[in-house]
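Enquirer: Can you keep this structure in mind? I'll have questions shortly.
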Amino acid sequence: MMADRTLPRLSVAMVLLLISVTIFAVTAIATGETAQFSLQGVTGLLQRMVALGLVAIGQTFVILVASIDLSVAAVISGTAVLASWLMGGDPAMIVPAVALCLGFALAVGLVNGALVAFAGINPLIATLGTGLILQGVLSASYGSLGGAVAPVFQQLAYGSLFGIPWSVLALFGLALTMGGLLNRSVLGARIFAVGGNPDGARLAGIRTGRVILTAHVICSLFAGLAGLYLAARVQSGTPWLGRDGIYDLESIAVTVIGGTLLAGGKGGVAGTLAGVFLFASLDASFNMLGIDAFLKQVLRGFVIIAAVAVHAVRGRGHVA
Amino acid sequence: MSMKVMLVATVALSGLAGAAMAQDFNDPAEFAKQREQLSMTPQGPEGAPWAQHLGDSMVDTAKWKKDGPATICFSNAGIFNPWRVVGMHNFQAEAEAQGDKIKELIVVDAEGKDEKQIADIEALVAGGKCDVLIVSPNTTAALTPAVEAAAAKLPVVVFDRGVNTTAPVTYIHPVGGYGFGISSGEFIASKLEKGANVLALRIVPGVDVLETRYSAAKTIFDEAGINVVGSEFTGSDRAKTKAVVEDYLNRGVQIDAIWMDAGDTATAALEAFEDAGLPYPVISGEDQQDFLRKWRDENLTAIAPSYPTYQWRTPILAALDILAGKPVPGPEWVLPQPAITAETRDGYIDEKLPPLHYSLCGCQNLPGYPARWGGSE
Amino acid sequence: MSDAMSKPRAARIAINAGLLLFLCLYALIVLIQPNYLEPGLFMNFLRRAAPLVILAAGQLYVILTGGFDLSVGAVVTFTVTAAALLTNGDPDATWPVIALLYLMGAGIGLFNGLVVAFLKVPSIIATLGTMLWLNGLALAWSGGAARGDLPENFRNLGRFQWRDVALVGTLPMAVLVLVAVLALLWWGVHGIGYGRRALAVGDNPRAAELAGIPVGRTRITAFVISALAAVTAGILLGGFSGVSVNAGVGLELQSIAACVIGGAMLLGGRGTIWCAVWGALSLFALFTLLNLLGLPQALRDSIQGLILIVAVGLTAWRSRARN
Amino acid sequence: MTPALDMRGICKAFPGVKALDDVSFDCRPGEVHAICGENGAGKSTLMKVLGGSYRPDAGEIRIDGAAMRFAHPRAAAMAGIAIIHQELSLLPHRSVTENIFMGHELVRPGFAGLLLDRGAMRARARVLLDRVGAQIDPDRSVAGLSIAQQQLVEIAKALLLDARILVLDEPTAALDDRDARQLLDLIRILRGQGVALVYISHRMPEVAAIADRVTVLKDGRLIWTRPQAEATIPAIVSAMVGRDLKDFYPAAPTAAPGETVLELDAVQAEGLPEISLTLRRGEILGVAGLEDSGKGQLARLLAGDLRPAGGTARLAGRPMPLGNPRRMIAAGLGYLPADRKREGLVLRQSVRDNAALALRAMRPAWARPAAGVFAPAMLDAGLKRMDVRAAHFGQEIGALSGGNQQKAIIARWLALDPAVLLFVEPTRGIDIAAKAAIYQTMREVADQGRGIVVVSSDLPELIGISDRVLVMHRGTIAGVLPRDPREEEIMQLSLGVSV
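Residue numbers (this note's numbering), protein chains in the order written: chain A, 1 to 320; chain B, 1001 to 1377; chain C, 2001 to 2323; chain D, 3001 to 3499.
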């Protein structure tokens, strides 16, 4: 029945990829924007993936352990604001600022993980709570946290290598690394174990709490990376950066579209990235077609439902 | 444990915040400049404030001259509030009014996301179809690099919010936030006694164009010895606005005036007084129809400063002038920014238009009026 | 075996916790602002809390069956904008339009339910999608800004109050609506068999199905009720404060948070209508308290988050201590 | 010889219950030591203490003579203890290899020990699967394996750790007779290799067949530990229940069965090429067969959980709406699934709500939940008739023993007065005293004019309770045996060997 375990996962990713490429190509040809097929056009398309892609990779890890993280938007805003404030335009501050930002993300991940794994709080509520707390503190203190990132730091978002932006290379590099981590490392094996059968994993001697904690830390760190990228991209972070980008709900949506089960234990980075690619090509295509913002939102809503329904509808079990 | 730490951090940071918040957007020089601009006589065609400008500085655009119908591209921050919705209608109507001078108008909407707007601008430039690019930036600093890069390849016009570079041909905007705060602040100060109470209702903290409005009004209130009993953020939410005002009234606070940094919830604030059975306060709103009508019907003591939506017409004019090689006002094209007073009010009321229509749209003679703006014939 | 003994123990504790929290918060309000003890002000408090309480009570149905409804905020927005567009200030249109709004609400709930029950899309994703398309639709229909006008008799539902009423001082119409709707929603969970079916479906859908419970229908009903409650909340909210395209922003998470604070169990199988009522009133009392304290707006979010974590953390801790 | 495992004076109390009271237990290398006891006697608590899930209040655990303290299941695993639980703890979406190595992955040298050595794991998995006699591709995903195969994967997991102490908690509960026998053979092999085996089971014949020593627990206390020769089945049973159990199975009915109540005529469905059978009122029809014989599919078909592809079926004189559980119930069928936790109970609801579940499902949704047939007094009367023991019927059913839960489910169906009851593994995981009560009830229910189908892997049970036994083989009926068949007859038919 399920002869090959990797095949179904890959196929979700492949199918999404094909659909996305088709959508993008057909609209570009239909609207006469063939210049979009140039290196510049394609890298522009890929660059649309970077921020959401980074967050979604992290989100994949928490969803795989059957948790969820609604605080990523606040973490993104937090790191972006911190990065611009700490750097204050000074290149010498890049390293300490990045270190502190990631330290901040790590701390949030630890708190989230501890609340979920050790305090036994439903992850939806726990991360909604930490997200609200962070958002509030950020908005309240923003007045004193102005500043801009160092110009050199912006190379992260605007620089490129052989015409391919650094950030795109970094996204795919990190995706490969994290995909490898999931499938080829001890941690990955334990993440699947904890998500697939928490009791079984505990009885097999896995410290499930630590694995959940680690997944949350990874998720927050990736949200932190997304925040740093956005800080480089927008020069000066605002407390609304993450919230306005709806990175929390969109990262969950693309992860599920990519075939990762909300119940945990099945899925992977490849599918998630394909989901992000679908969103990016839809974005670009809507632009080319000149669809107005409200209609875009309507279409996006239906796309999310349809994309998940396509592979969920075959399931025999109950979902709620 | 962790919660304790968070609590401490929260309290500490909020202390920090309170101290630093006010001074960031308090620039006395800019305040004085805008106060002066409010009283200047504009240059340009009479009765068409969107084509007028304050000051004399012009920029040469000969190098961008290009013959034939133009393809105009517009990267919009979004249409996430009524002001931008009205503005967008102005923009499209103006383009339509220009007829065959425009070959194609390409509009991309960034849905309020900096990141998306940057990508949008890059895609527009890469697409190679644009003769001129108009940008209404979502955030000043964020869009600066993208606009700078685009300005190297084609003429760029920026309006509403600016960018931190002189690379665009011109930056179109009305007088500004201080001007808004000055008009409303001075009116309220003139109607109240020293020691009276004013409640400030604001949308969200930290947004430059809104913070300057409050900062200007606060300066004026402080000078006049008027007491600001509270400064509350309502997020443009009518229910929240009404609830906040009710809470103040329930506390028994005497509120003599309401100052608002945007008028879209002004009528909700007034309803709180109605429901409590109290007389209306002095109020500063904005140029929305529902506020003007309420003002007229209830004979309020009020003023409606504006951040006019007719500025959305100007970029099209500027773009076409640039492609024609004509000099345009620049590097800043400052538009006049009138406030509606009791005398001028009734001229701005048009029952055909929806409640949140911005009266200073300058759109009465544009194609599709009033249906395009949601009005009934 | 006494009758009190026969009540499910968890539910009894949940009632007490939610009610206790509400009483504590309201006592704090009174401490700061003693005139909140006056019945008139309490009625006003209820009037303003009514939309959230109704939303939470509707959301509870979905939570009992093990799902989430993230679309309720969008339904509120849609209701308010649609009502303004459809009535356009005409008082004669009010009642037919209200009927039409409920019909649309039922349609939206039906859509959510069908997608979850038959397309097997997890409710968090299905209703997220609905939230997006419905918000988009509301904006597209109204053109992005409030259009039309709500007639006086429509607005009175959320705004009107009788003054000088015996005992309570003022009596807002919204409070009457609240009581009537709550009675109806209470009846749905506790007065008829449906509530037990919903609990069974949330607890173990497979066992419920094999015991003959029409699982799909039970789920769909829950989504329809949640959407209808959201329409009601929208009508009250529109009445209270008028037309706005962001009337429902953030209400979806608030309504879920309210149920959880009141002691309902996410992912189903445990909860009573009182979880929603006391949870929502607690949350609203918290908002009011923070307003009265005059804390910076932003920090109110933080405190809300903190309360959420602490309330749920305590429940989790207690249930662990019990086992 | 030093015992591999030596537990001394173990005490463990929970609020209000003394779960273990000064229990001592030991097991030597190369020995199978069975633990018997009713549910609630303390067996699983003792094993959870051993496995590191619970910390004892008093007493000590010695492994090979050294005192140990386990803070986490991991510590117990490291000490060489492996526990195979009743509830399988596998990952359905992952491969067999990944399951075997769950929590104990092999890593490549270098890379800080973080990278998996997948080649080595696969090779090792093959060896381990061979050792337990399982012909399974280590790359297959577990979701596609049969229960018996999954059980073997679990044992391979234990062998991976070179577990010197292996605890098997009802390992044969979900297995049919053939698979159970193979498992017992495997246990003998492991015993020969010097593993200390702790064997927990309710199936007395297995205990008698394999145990070297038997320990009986009751109410958290040790009753006795005896060598196999002194631990006869009657002795064990009487120690477990504290009295002698006579008339374990009810007597045969005196009256002849009545009219036909259930009839399948050439029904086809997935895994069932063609099935025809009849059931009469007052009759208990047993269904036997190996695990892959299609008896599970037949149960699903009768429960309405499997869509038929053809054929006709009648229930109580009317066409039978196969393929829809709800309509099957409306037509007069009650289904008691094998997996009570997953398919039978709504665990967080009260005993009373569980008993009212089917009734509520079939009455209109707007019927009042505590009036008429739902009146607590009515429901309680039904539960009392079934002798369900709970502190009170408002208690959550999850806290009850398996026997009482099963009785509550029987009460659930009797409230609807169904024409046919379908029991699948009716006494799995249920202790002996409750078993007898359930058999008694089944007989009474049948005597009231209902038809009963019992699908079971427990042959003595089938033989003891059934009026006829239908044996399945490869999706078809291999034969129907009259009352009191011999085990060998059933086995021969099950295996497809002609009698």
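Yeah, the Cβ is synthetic: ideal placement off N, Cα and C, and Gly gets one too.
Quick caveat, the model's predicted, so the values are computed rather than measured.
#1: In angstroms with no decimal places, state the Cα-to-Cα distance between L132(A) and Y2102(C).
#2: Can you round the beta-carbon distance between A2140(C) and F294(A) to whole angstroms, since I take them to be within the 8 Å contact cut?
#3: Could you work out which residues of chain A lie near H3104(D), taking near to mean beta carbons separated by less than 8 Å?
#4: So with CB distances below 9 Å, who are the chain D contacts of I2063(C)?
#5: For a contact defined as C-beta to C-beta under 7 Å, what are the partners of V186(A) on chain D?
#6: Around the C-beta of M1040(B), are 16 or more other C-beta atoms found within 10 angstroms, so that it is buried, or is it exposed?
#7: Alpha carbon to alpha carbon, what distance is there between D2090(C) and G2250(C)?
#8: Starting from F3014(D), trace the beta strand (DSSP E) both ways and give me its first and last residue.
#9: Cβ closer than 9 Å: which chain A residues qualify as neighbours of E3270(D)?
#10: Rounded to whole angstroms, what is the Cα-Cα separation between V194(A) and F3101(D)?
#11: With 9 Å as the C-beta to C-beta threshold (strictly closer), list the residues of the stretch 130-161 of chain A near chain C in chain order.
#12: Anyone know if the C-beta pair for D324(A) and H216(A) falls short of 8 Å?
#13: Would V1125(B) and A1142(B) be called neighbours here (beta carbons separated by less than 8 Å)?
#14: Could you run through the stretch 3077-3094 of chain D and flag, in chain order, every residue whose CB is less than 9 Å away from some CB of chain A?
#15: Can you give, in chain order, each stretch of the alpha helix (DSSP H) that sits fully within the stretch 1136-1201 of chain B and has at least 4 residues?
#16: Assign G2129(C) to one of two classes, buried (16 or more other C-beta atoms within 10 Å of its C-beta) or exposed (fewer than that).
#17: Determine the contact status of F2240(C) and L2052(C), defining contact as a CB-CB distance below 8 Å.
#18: So which residues of chain A does E3488(D) contact, with C-beta pairs closer than 8 Å?
#19: Got a sec: is the Cβ-Cβ distance from E1232(B) to anything in chain C below 8 Å?
#20: According to the neighbour-count rule (16 or more other Cβ atoms, all chains shown, within 10 Å of its Cβ), is C2024(C) buried or exposed?
#21: Leaving out the 5 sequence neighbours to the left and right, which residues in its chain are closer than 6 Å to R3140(D) when beta-carbon positions are compared?
#22: Bridge partners for C3036(D) per DSSP, in chain order?
#23: A1262(B): which of R1251(B), D1247(B) and F1233(B) sits nearest, CA to CA?
#24: Taking any Cβ of chain C, which residues in the stretch 302-320 of chain A have a Cβ under 7 Å from it, in chain order?
#25: Between which two residues does the beta strand (DSSP E) harbouring Y3199(D) extend?
#26: Measure the Cβ-Cβ separation of Q3440(D) and P3250(D) and say whether it is below 8 Å.
#27: Just the chain A side, please: which residues come within less than 9 Å of L2299(C) by C-beta, in chain order?
#28: Taking only runs of the alpha helix (DSSP H) that begin and end inside the stretch 2034-2113 of chain C, which ones reach a length of at least 4 residues, in chain order?
#29: Are at least three pairs of beta-carbons, each pair with one atom in the stretch 3125-3132 of chain D and one in the stretch 3046-3058 of chain D, less than 8 Å apart?
#30: Quick check on DSSP: helix, strand or coil for Q3086(D)?
#31: Looking at the strands, I want to know which residues DSSP matches up with M1058(B).
#32: I need the DSSP call for E1104(B), collapsed to helix, strand or coil.
#33: Relative to the C-alpha of P3056(D), which candidate in S3089(D), V3142(D), W3366(D) and L3020(D) has its C-alpha closest?
#34: What residues from chain B crowd round Q2033(C), counting only those whose CB sits closer than 8 Å?
#35: Are L2110(C) and E2252(C) touching if we call contact CB-CB under 8 Å?
#36: If you pair each beta-carbon of the stretch 2171-2178 of chain C with each one of the stretch 1281-1292 of chain B, do three or more pairs fall below 8 Å?
Expert: According to the structure shown:
#1: Indexing the first sequence from 1 puts residue 132(A) at position 132. Indexing the third sequence from 1 puts residue 2102(C) at position 102. Each residue's alpha carbon lies about 33 Å from the other.
#2: Here residue 2140(C) refers to the residue found at position 140 of the third sequence. Here residue 294(A) refers to the residue found at position 294 of the first sequence. That belief holds up - the Cβ atoms of A2140(C) and F294(A) are roughly 4 Å apart, short of 8 Å.
#3: Start at 1 with the first residue of the fourth sequence, and residue 3104(D) comes out as number 104. Chain A residues near H3104(D): A204 and G205.
#4: In the third sequence, the residue the question calls residue 2063(C) occupies position 63. Per Cβ cutoff of 9 Å: no residues; I2063(C) is ~13 Å from chain D at best.
#5: Translated into positions along the first sequence, residue 186(A) becomes position 186. Correct list: E3105, V3107, L3114 and L3116.
#6: One-based indexing of the second sequence puts residue 1040(B) at position 40. Under this definition M1040(B) is an exposed residue.
#7: To locate residue 2250(C), count along the third sequence from 1; it is residue 250. To locate residue 2090(C), count along the third sequence from 1; it is residue 90. Each residue's alpha carbon lies about 30 Å from the other.
#8: Counting from 1 along the fourth sequence, the entry for residue 3014(D) is found at position 14. It spans L3005 to F3014 - the beta strand (DSSP E) in which F3014(D) sits, taken as one unbroken run.
#9: Along the fourth sequence, read from residue 1 onward, the residue named residue 3270(D) stands at position 270. Within chain A, no residue comes near E3270(D); the closest Cβ sits about 12 Å away, beyond 9 Å.
#10: Sequence index remark: in the first sequence, residue 194(A) carries index 194 (1-based). Sequence index remark: in the fourth sequence, residue 3101(D) carries index 101 (1-based). Spanning the two alpha carbons is a distance of roughly 13 Å.
#11: T130, G131, L132, I133, L134, Q135, G136, V137, L138, S139, A140, S141 and Y142
#12: Chain A is shown from 1 up to 320; residue 324(A) falls before or after that span and cannot be answered.
#13: As a working note, residue 1125(B) is residue 125 in the second sequence. As a working note, residue 1142(B) is residue 142 in the second sequence. For V1125(B) and A1142(B), no; Cβs fall outside 8 Å.
#14: A3077, M3078, I3083, H3085, E3087, L3088, S3089, L3090, L3091, P3092, H3093 and R3094
#15: 1140-1151 and 1177-1191
#16: Walking along the third sequence from the start, residue 2129(C) turns up at place 129. By the 10 Å Cβ count, G2129(C) comes out buried.
#17: Counting from one through the third sequence, the residue named residue 2240(C) turns up at place 240. Counting from one through the third sequence, the residue named residue 2052(C) turns up at place 52. No; because the gap between Cβ atoms is not below 8 Å, this pair is not in contact.
#18: Reading the fourth sequence from its first residue, position 488 is the one you call residue 3488(D). Here the premise fails: no neighbours, minimum Cβ distance about 34 Å.
#19: Here residue 1232(B) refers to the residue found at position 232 of the second sequence. Interface residue, yes.
#20: As a first step, residue 2024(C) is located in the third sequence; it is residue number 24 there, counting from the start. Looking at its Cβ environment, which holds fewer than 16 other Cβ atoms inside 10 Å, C2024(C) is exposed.
#21: For the purposes of this step, residue 3140(D) is taken as the residue at position 140 of the fourth sequence. The residues are V3096.
#22: Locating residue 3036(D) in the fourth sequence gives position 36, counting from the first residue. The partner list for C3036(D) (beta bridge, DSSP) reads V3216(D).
#23: Position 262 of the second sequence, counting from 1, holds the residue named residue 1262(B). Out of R1251(B), D1247(B) and F1233(B), F1233(B) has the C-alpha closest to the C-alpha of A1262(B).
#24: F302, I304, I305, V308, A309, A312, V313, G315, H318, V319 and A320
#25: Position 199 of the fourth sequence, counted from the start, is the residue given in the question as residue 3199(D). A3196 to I3200 is the span of the beta strand (DSSP E), which, as asked, contains Y3199(D).
#26: What you label residue 3440(D) is simply residue 440 of the fourth sequence in a count that begins at 1. What you label residue 3250(D) is simply residue 250 of the fourth sequence in a count that begins at 1. Yes, the Cβ-Cβ distance between Q3440(D) and P3250(D) is below 8 Å.
#27: Reading the third sequence from its first residue, position 299 is the one you call residue 2299(C). In chain order: G136, V137, S139 and A140.
#28: 2039-2064 and 2072-2087
#29: no
#30: Reading the fourth sequence from its first residue, position 86 is the one you call residue 3086(D). Coil.
#31: Against the second sequence, residue 1058(B) aligns to sequence position 58. BP columns for M1058(B) point to P1329(B).
#32: On the second sequence, position 104 is the one that residue 1104(B) refers to. E1104(B): strand per DSSP, three-state reduction.
#33: Residue 3056(D) sits at position 56 when you count from the first residue of the fourth sequence. Selected option, being the one with the closest Cα: L3020(D).
#34: Here the question's residue 2033(C) lines up with position 33 in the third sequence. What Q2033(C) touches in chain B: N1250 and R1251.
#35: Indexing the third sequence from 1 puts residue 2110(C) at position 110. Indexing the third sequence from 1 puts residue 2252(C) at position 252. Cβ atoms of L2110(C) and E2252(C): not closer than 8 Å.
#36: no
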